[in-house]
């Protein structure tokens, strides 16, 4: 990548992040009256519901804290970070046994507790990142309590599908925790070795059960021994998810200098883009079938915003790590598709849900899944990688 | 409607039903080895999963039995009806306390029990209709046992959303049970009065809580007193669902001669078509917001098969009941849209999921929701209404 292009991209991403995406959430999302983040927003940023997603609070606490940690503190970012971190600690993590709620009302009273431990994980990363931004170690303690809740409940919650007849393993938990431990490790350097061990365990789990070189695929759901499980669920591929995993692995490989792991991570990216990229209209499919059959999801060919965020990060990271210009080209392809289709230049931020042909299917700016997270995270990481590329070029 | 058109439609629907839709399910769906119906089928009819939906078994038992009851018995229909009815009675209704499973494996071993009582209701209609087709009263007893399970568990299962903070009423249960009691009443004429009373209770509930003439809308979810409830959920409209309710009500009004009820039912149809019909591409939207805001569902503008089935029935029934040619025109519009877009003339049966513009988004022929039910039911009812219109014209 040329120095000119690096500088151009740096300006562009900084402007998009600090001039468009973050102001949208500061203006419309941050709840100045009741604390935390309103996440269910329409195109103009007006709440479609004032109920608050549990995931959104921890994720937004991570974003506003990471902005301060990576770009330097700003008062409004720090205030937003504190509001989301406090709401996470005081309201989201107020479930039975310290569990985190999936949905709360505007005041933070509980509406929905789910049987998955994702809200706990997002609480942990938000609180950990905020402990660094704020310099207040009590947030790290809160993050570690959230992680202890995760550890205590893992494997104890009722399975959706009868586990004696059809036991299954899901990729989500394994992959998410790699990143959670990475963030905790940075916030809690005194215990770095222990987090690294847990990351290594999860990476081993990932390759033992989910990564299938013979199929050139990372499966979402497998039998307990890693074998195929029944039907569409067993054949389901989620290219965006696999790509996200690939950069979690690349980040680990770059830190430890493990060239073997780096190679395997780049391979997962390669498989996922080969299968997942729509040759006809561009963009990444949301779901695929490993045998090429019709995916079960009726929305399988919609282009969601977040796989494109993950793919941009993964391609630029692969380029930074390997120098292979194939990944520079892929980064430019993803970058180009994303900025031609997702941003709403009228009201700010991004649309999240396109039809296969790239037209906007639903104009919501937020819901309990599309929150203040994937877009700013990707932009922050891309900015960091561009700095690295610039330094290497100089 | 002219006698010529009536005759033409009669031939057409008989051919579509007995020459296309039913043969597809007999060939690919009926599980001749393990009993019941395989419902997760791809475009060609090959199983995408051999797991069986609990809803599908009762619904298919209804369809194959109703075919015999309305068009005269055929050996292959009766065998399919018995297979699905037996699977329903012996496998689906084998849950705790007699509850019905939502999903089972091919052998009928339980995979998923949900906290909603829909599978019990579909079991009851399938078994009741099969008692008439088979002349075997033990199926009626099994249907009444399923109904007793429904009665016993109604209101006792844990709510998804915290009911002390956000108590809610859903339209689905009220509307579905009107039809369930109608089918039971026909199968169990000795107790007709008791079913009629229960239908009248549900109709009263419907108008007390869900039907909002001031909004020209039937709401899907309301507060316990029928007031609006928070957010997108409170503003959600499901045109197909409201239209289905309208014909359940019309059927009741025609039986009892209640002109007031008929008028109100036709009004619900009118509101729902006015709001729900896509003026740009044709077809019915899947979800709308009562205030015209962006619906929360990312797939809100997809055209599902079943609302079109329900709308064809409702419009022809409104025409038969009122003689108003507006409803004849609407029937022809729905009929035309449906048969131009949904049938798969290569492999038979219908596609279920179109994009807004009418192109096919997902080619599955079946899943646990799109089963052997809406399409044959609509065709059977249309055939009955055409007979009625022909008699009236003669």
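Residue numbers (our numbering), protein chains in the order written: chain A, 187 to 580; chain B, 187 to 580.
Glycine residues also receive a C-beta, built at the ideal position from the N, C-alpha and C atoms.
A quick note: this is a predicted structure, and the numbers were derived from the prediction, not measured.
Which term fits residue i, buried or exposed, when burial requires 16 or more other beta carbons within 10 angstroms of its beta carbon?
i: residue 465 of chain A; result: exposed
i: residue 255 of chain B; result: buried
i: residue 365 of chain B; result: buried
i: residue 460 of chain B; result: exposed
i: residue 424 of chain A; result: buried
i: residue 321 of chain B; result: exposed
i: residue 276 of chain B; result: exposed
i: residue 324 of chain A; result: exposed
i: residue 346 of chain B; result: exposed
i: residue 438 of chain B; result: buried
Alpha carbon to alpha carbon, what distance is there between residue j and residue i?
i: residue 447 of chain A; j: residue 393 of chain A; result: 10 Å
i: residue 221 of chain A; j: residue 266 of chain A; result: 9 Å
i: residue 353 of chain B; j: residue 237 of chain A; result: 14 Å
i: residue 244 of chain B; j: residue 327 of chain B; result: 15 Å
i: residue 426 of chain B; j: residue 300 of chain B; result: 23 Å
i: residue 542 of chain A; j: residue 488 of chain A; result: 5 Å
i: residue 386 of chain B; j: residue 452 of chain B; result: 18 Å
i: residue 413 of chain A; j: residue 404 of chain A; result: 12 Å
i: residue 247 of chain B; j: residue 508 of chain B; result: 32 Å
i: residue 594 of chain A; j: residue 310 of chain B; result: Here chain A has residues from 187 to 580 only, and residue 594 of chain A is not among them.
i: residue 358 of chain A; j: residue 391 of chain A; result: 12 Å
i: residue 473 of chain B; j: residue 372 of chain A; result: 45 Å
i: residue 342 of chain A; j: residue 356 of chain B; result: 31 Å
i: residue 362 of chain A; j: residue 571 of chain B; result: 56 Å
i: residue 190 of chain A; j: residue 232 of chain A; result: 39 Å
i: residue 408 of chain B; j: residue 556 of chain A; result: 26 Å
i: residue 576 of chain A; j: residue 568 of chain A; result: 12 Å
i: residue 454 of chain B; j: residue 519 of chain A; result: 49 Å
i: residue 537 of chain B; j: residue 496 of chain B; result: 16 Å
i: residue 380 of chain A; j: residue 573 of chain A; result: 30 Å
i: residue 411 of chain B; j: residue 344 of chain A; result: 33 Å
By DSSP, does residue i sit in helix, in strand, or in coil?
i: residue 412 of chain A; result: coil
i: residue 258 of chain A; result: coil
i: residue 386 of chain B; result: helix
i: residue 263 of chain B; result: helix
i: residue 398 of chain A; result: strand
i: residue 365 of chain A; result: helix
i: residue 506 of chain B; result: helix
i: residue 307 of chain A; result: helix
i: residue 277 of chain A; result: helix
i: residue 553 of chain A; result: coil
i: residue 289 of chain B; result: strand
Going by C-alpha distance, which of the options is nearest residue i?
i: residue 483 of chain B; options: A/353, A/284, A/548, A/344; result: A/548
i: residue 559 of chain A; options: A/458, A/405, A/493, A/402; result: A/493
i: residue 513 of chain B; options: B/520, B/504, B/521; result: B/504
i: residue 539 of chain A; options: A/399, A/528, A/234; result: A/528
i: residue 440 of chain A; options: A/239, A/506, A/340; result: A/506
i: residue 215 of chain B; options: B/491, B/550, B/574; result: B/550
i: residue 398 of chain A; options: A/379, A/428, A/383; result: A/428
i: residue 286 of chain A; options: A/317, A/312, A/495; result: A/312
i: residue 367 of chain A; options: A/350, A/435, A/419, A/324; result: A/435
i: residue 444 of chain B; options: B/422, B/410, B/389, B/430; result: B/389
i: residue 554 of chain A; options: A/430, A/241, A/515; result: A/241
i: residue 319 of chain A; options: A/192, A/268, A/408, A/409; result: A/268
i: residue 208 of chain A; options: A/566, A/579, A/577; result: A/566
i: residue 273 of chain B; options: B/258, B/252, B/219; result: B/219
i: residue 228 of chain B; options: A/210, A/417, A/578, A/406; result: A/417
i: residue 201 of chain A; options: A/456, A/525, A/350; result: A/525
What is the C-beta distance between residue i and residue j, in whole angstroms, given that I count them as a contact (C-beta under 8 Å)?
i: residue 288 of chain A; j: residue 270 of chain A; result: Rounded, the Cβ-Cβ distance is 16 Å, inconsistent with contact.
i: residue 278 of chain A; j: residue 297 of chain A; result: Not confirmed; about 12 Å, so no contact.
i: residue 500 of chain A; j: residue 432 of chain A; result: 5 Å
i: residue 234 of chain A; j: residue 479 of chain B; result: 7 Å
i: residue 498 of chain A; j: residue 396 of chain A; result: Not a contact, Cβ separation roughly 23 Å.
i: residue 262 of chain A; j: residue 212 of chain A; result: 6 Å
i: residue 332 of chain B; j: residue 306 of chain B; result: 5 Å
i: residue 294 of chain B; j: residue 335 of chain B; result: That belief does not hold up - the Cβ atoms of residue 294 of chain B and residue 335 of chain B are roughly 18 Å apart, past 8 Å.
i: residue 374 of chain B; j: residue 421 of chain B; result: Not a contact, Cβ separation roughly 39 Å.
i: residue 329 of chain A; j: residue 370 of chain A; result: 7 Å
i: residue 471 of chain A; j: residue 486 of chain A; result: 6 Å
With respect to 7 Å, is the separation between the Cβ of residue i and the closest non-hydrogen atom of the ligand NAD below this value?
i: residue 199 of chain A; result: The ligand NAD is absent from the structure shown, which contains no ligands of any kind.
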